[in-house]
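Visitor: Position 36 (the sequence shown) corresponds to 46 in this note's numbering; numbering is contiguous.
For every residue, glycine included, the Cβ atom is placed at its ideal position computed from N, Cα and C.
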Amino acid sequence: MLWPGLNAPLTQGREVMTRKQLPPDPEYAQRIIRLRDQASKIRYISLPPLLRGWSGPKFPGQSVGPPDPVGDCM
Numbered sequence: 011m012l013w014p015g016l017n018a019p020l021t022q023g024r025e026v027m028t029r030k031q032l033p034p035d036p037e038y039a040q041r042i043i044r045l046r047d048q049a050s051k052i053r054y055i056s057l058p059p060l061l062r063g064w065s066g067p068k069f070p071g072q073s074v075g076p077p078d079p080v081g082d083c084m
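#1: Contact defined as beta carbons within less than 8 Å: I believe Leu20 pairs with Met27. What is the distance between those atoms, to the nearest angstrom?
#2: Tell me the start and end of each unbroken alpha helix (DSSP H) in the region 21-78 that is at least 4 residues and wholly inside, in chain order.
#3: Just verifying my parser: in three-state terms, what is the DSSP assignment at Pro14?
#4: Alpha carbon to alpha carbon, what distance is there between Tyr54 and Pro34?
Take a look at the structure:
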């Protein structure tokens with residue numbers, strides 16, 4: 011199996027692509043820092059278990075009361 015760029019050369023038409031060094035970008039570090047600061051301001055709201063939901067046989071910290079009656083027994 012051939013995977014272009016992984017174990018086979020990349021081609022564009024009949025030309026084999028080679029790696030090229032990009033020119034230095036002086037604003038790259040500033041953009042990364044700005045994105046990091048914007049992403050760190052996200053705050054997630056803590057939800058109680060009844061609104062968040064749970065899985066499993068137990069209801070942690072919840073009282074569900076007596077079971078529902080079955081049939082005509084009352």
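Guide: So, to answer that:
#1: One-based indexing of the sequence shown puts residue 20 at position 10. One-based indexing of the sequence shown puts residue 27 at position 17. At roughly 4 Å, the Cβ-Cβ gap stays under 8 Å, so Leu20 and Met27 are in contact.
#2: 38-49, 59-62
#3: If you number the sequence shown from 1, residue 14 lands on position 4. In this structure, Pro14 counts as strand in the three-state DSSP scheme.
#4: The residue labelled residue 34 in the question sits at position 24 within the sequence shown. The residue labelled residue 54 in the question sits at position 44 within the sequence shown. Between Pro34 and Tyr54, the C-alpha separation is close to 37 Å.
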